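Structure first, then comments.
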Amino acid sequence: MMRILIADDHAVVRKGLKQIIREEYPTAELAGAKDAEELMSKLFGAEWDMVICDLNMPGRSGLDALHQIKQSYPNLPVLIMSMYPEDQYALRVIRAGASGYLGKDNVHEDIIKAIRAVLLGKKFITPAVAEKLAEAIGTNTEELNLHDKLSDREFDVFKLIAGGANVSDIADQLSLSVTTVSTYRARILEKMNMKSNADLTRY
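18 is the number of the first residue of the sequence shown in this note's numbering; add one for each residue after it.
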């Protein structure tokens, strides 16, 4: 029996995904997690065939969870979902070990195709992402998009700053000190050659 663990902080999303998957796989065992901590707890307690994980969850991000999953369960397929544009996120999660990237706008159309591909040991990426992966091969660091120069943790902080969060909010969400977040912010501005949070938001 196939077992899939779905991590998303919105209960309605978890419920909707379960309904779609059960139409195709009636006997599948499906479980949900509302954040990265619950996801990792359920992973440690049982064997799973794959994980479907939202990129942007409260607390630790889906990207953080992906790294931990790949350290503990390197062969476990992880499909990342996100409402963010493919051009900003897909390459990063694929490079981090995800088996696929699915925009939430396309979940209803593509989730079953993605699951089939991932369970067969393949990557699920759209043609647009495949093209960007091809372009990225052999690209010099100087030619990368500005956000591609950031580390994964810097990228998490960048997303929150660009979304309007202040340093204290970011520290709470990522379980970091205000000083650490301020240090990340300074590195982000330097790497992206920007002067202020407003520049990051406009980017």
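Think of the CB as a built atom: it goes at the ideal place given N, C-alpha and C, for glycine as much as any other residue. Note that this is a predicted model, so its numbers are computed, not measured.
For S185, the uninterrupted alpha helix (DSSP H) run begins and ends at V184 to L191, by DSSP.
Distance from the CA of S99 to the CA of D122, rounded to the nearest whole angstrom, comes to 9 Å. Three or more Cβ pairs drawn from the region 23-35 and the region 65-74 lie within less than 8 Å of each other, which places the two stretches in contact. Of the residues assessed, Y106 falls on the buried side of the cut-off, its CB having 16 or more other CB atoms within 10 angstroms. A buried status is given to H164, since no fewer than 16 other beta-carbon atoms sit within 10 Å of its beta-carbon.
The residues M19, in chain order, have a CB closer than 7 Å to that of Y42 in the same chain once the five nearest residues on each side in sequence are set aside. Considering only V110, F61 and K32, the residue with the shortest C-alpha distance to K140 is V110. R20: not part of any alpha helix (DSSP H); member of the beta strand (DSSP E) spanning R20 to A24, first to last residue.
Within the DSSP secondary-structure output, D71 pairs in a beta bridge with M98. Taking A131 as the centre and dropping the five residues before and after it, the same chain places the C-beta of L96, G117, L119 and F141 closer than 8 Å to its C-beta, in chain order.
Short of 6 Å from the beta carbon of S78, and not among the five residues preceding or following it, lie these beta carbons of its own chain, in chain order: D173. Between the alpha carbons of E55 and R219 lies a distance of about 34 Å. With a cutoff of 8 Å on beta-carbon distance, I37 and I128 are scored as near each other.
Residue burial annotation: A115 is buried, with at least 16 other C-beta atoms found within 10 angstroms of its C-beta.
For L119, the uninterrupted beta strand (DSSP E) run begins and ends at G117 to G120, by DSSP. Taking 8 Å as the cut-off, the Cβ atoms of A53 and G76 count as close.
Taking the CA atoms as reference points, A203 sits about 18 Å from D189.
Residue environment: A50 is assigned as buried (16 or more neighbouring CB atoms within 10 Å of its CB, all protein chains considered). For G49, the enclosing beta strand (DSSP E) stretches over residues E46 to A50.
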